[in-house]
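Engineer:
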Amino acid sequence: MEQPETNEAQEAVAASTANLALPLASVTRSTPTSPAPSPCPTCGVPMQVKPPSSVTTSAYVYAQGRIEPRFPRLSVEKEYAQVTGRAETAGLTDRQALQTVLSQPENRYLARQLCYVLTIEGLDTYILQPGDPGDLQILIESLRPTPQPGDVDVVVGRRGPIAPSELCNGLMVPIVIFDQIYSFDRESFIKSIPRPEKISAKEFGPAAEELFDRIMQMADNAGATDADRAINYLALR
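Number 132 in this note's numbering belongs to position 139 of the sequence shown; there are no gaps in the numbering.
#1: Alpha carbon to alpha carbon, how far is Gln75 from Thr49? Give it in angstroms, no decimals.
#2: Just how far apart, CA to CA, sit Ser46 and Thr77?
#3: State the DSSP-derived secondary structure class of Asp213, mapped to helix, strand or coil.
#4: Hey, how far is the Cα of Thr93 from the Cα of Ile192?
#5: By how many angstroms is the C-alpha of Ile113 removed from the C-alpha of Ala56?
#6: Take Ala212 and list the residues in its own chain whose beta-carbon comes closer than 7 angstroms to its own, dropping the five residues that flank it on each side.
#7: Tell me Gln57's beta-bridge partners as DSSP assigns them.
#8: For Ala220, which residues from the same chain have a beta carbon less than 6 angstroms from its beta carbon, with the 5 sequence-adjacent residues on both sides left out?
#9: With Gln173 as the anchor, note down where its beta strand (DSSP E) starts and where it stops.
#10: List the whole-angstrom C-beta distance separating Asp144 from Arg59, where the pair is believed to meet the contact cut-off of C-beta under 8 angstroms.
#11: Quick one: using the 10 Å Cβ neighbour count with 16 as the cut-off for buried, is Ile155 buried or exposed?
#12: When the Cβ atoms of the stretch 162 to 170 are set against those of the stretch 182 to 196, are three or more pairs found closer than 8 angstroms?
#13: Pick from Asp172, Thr86, Phe197: whose alpha carbon is nearest that of Val147?
#14: Is DSSP giving Gln122 helix, strand or coil here?
#15: Output the distance between the C-alpha atoms of Arg79 and Ile120, rounded to the nearest integer angstrom.
#16: Leaving out the 5 sequence neighbours to the left and right, which residues in its chain are closer than 8 angstroms to Arg137 when beta-carbon positions are compared?
#17: For Pro157, list the residues DSSP reports as bridge partners.
#18: How is the alpha helix (DSSP H) around Ile133 delimited, first residue to last?
#19: Can you tell me where the alpha helix (DSSP H) holding Ile113 begins and where it ends?
#20: Taking Leu95 as part of the alpha helix (DSSP H), name the residues at either end of that continuous run.
#21: Around the C-beta of Leu204, are 16 or more other C-beta atoms found within 10 angstroms, so that it is buried, or is it exposed?
#22: From this set, Gln122, Met209, Pro189, Leu116, which residue's C-alpha is nearest Gln106's C-alpha?
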């Protein structure tokens, strides 16, 4: 005997809930056309017009690794081989010859066609592109004629979309438009650290090297989040 009353109560609650939902929907539709002034300059702004601060912040990159040149296509590699054959590269290693050829002004067109990949702990992480055409020289200078295991390249820039497969021989990683690149080696960086007077050079050297290696392990990241950028920045101060 009580079942009908229960059903009627449930139907009444459902009807009242539906009636409450309608005014909310109508208010949402009427907000853009309301003549009343907005209480704040950002109220009612769509997500696609003004993205959240977290999205904007994540577009920046502060990463450290190694910059490596790559041939994007076989045709570019063949063109480089022809240019190298005409250049004075006898007795040079492949890396020395590459740096010599790309440094020559008449071969700047080849430098523009190459891919410059930032590798972090041996992993291809970013494809680097200059924000200004004049910054191409910075990429060329980062290609050391005699690379060493302790070489470090610090890249500061803005992360863009994933590279299409045809850009760099099938490599599909984010593109970074760099603003600054700092290149140094482990030995020179340690020598630039001021030594306390109470510690001898014999003791300070190994301790500084061990500390540097530990800090570099902490900075083993893509430098794309606030936390990673902070770690990388502090590691190189």
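All residues carry an ideal CB built from backbone N, CA and C; glycine is no exception.
Structural biologist: Result, derived from the coordinates:
#1: Reliability of the predicted coordinates at Thr49 is poor, the pLDDT of 40 falling under 50, and no value is obtained from them.
#2: Since pLDDT at Ser46 reaches only 37, below the 50 mark, its modelled position is unreliable, and the value read off the structure follows with that caveat. Cα-Cα distance, rounded: 48 angstroms.
#3: coil
#4: 42 angstroms
#5: 8 angstroms
#6: Take Ala212, set aside five residues on each side of it, and the residues of its chain with a beta-carbon closer than 7 angstroms to its own are Gln57, Ile224, Asn225, Ala228, in chain order.
#7: Val147
#8: none
#9: Residue range 167 to 178 is occupied by the beta strand (DSSP E) that includes Gln173.
#10: The pair is a contact, with the Cβ atoms about 6 angstroms apart (cut-off 8 angstroms).
#11: By the neighbour-count criterion, in which a residue is buried when 16 or more other Cβ atoms sit within 10 angstroms of its Cβ, Ile155 is exposed.
#12: no
#13: Asp172
#14: Collapsing the DSSP output to three states places Gln122 in a strand.
#15: 29 angstroms
#16: Arg88, Gln92, Asp144, Ser176
#17: Answer is none; Pro157 lacks a bridge partner.
#18: Under the DSSP assignment, Ile133 falls in the alpha helix (DSSP H) whose first and last residues are 129 to 135.
#19: From DSSP, Ile113 is part of no alpha helix (DSSP H) but of the beta strand (DSSP E) over 108 to 113.
#20: Counting along the chain, the unbroken alpha helix (DSSP H) around Leu95 starts and ends at 87 to 96.
#21: exposed
#22: Among Gln122, Met209, Pro189, Leu116, the Cα nearest to that of Gln106 is on Gln122.
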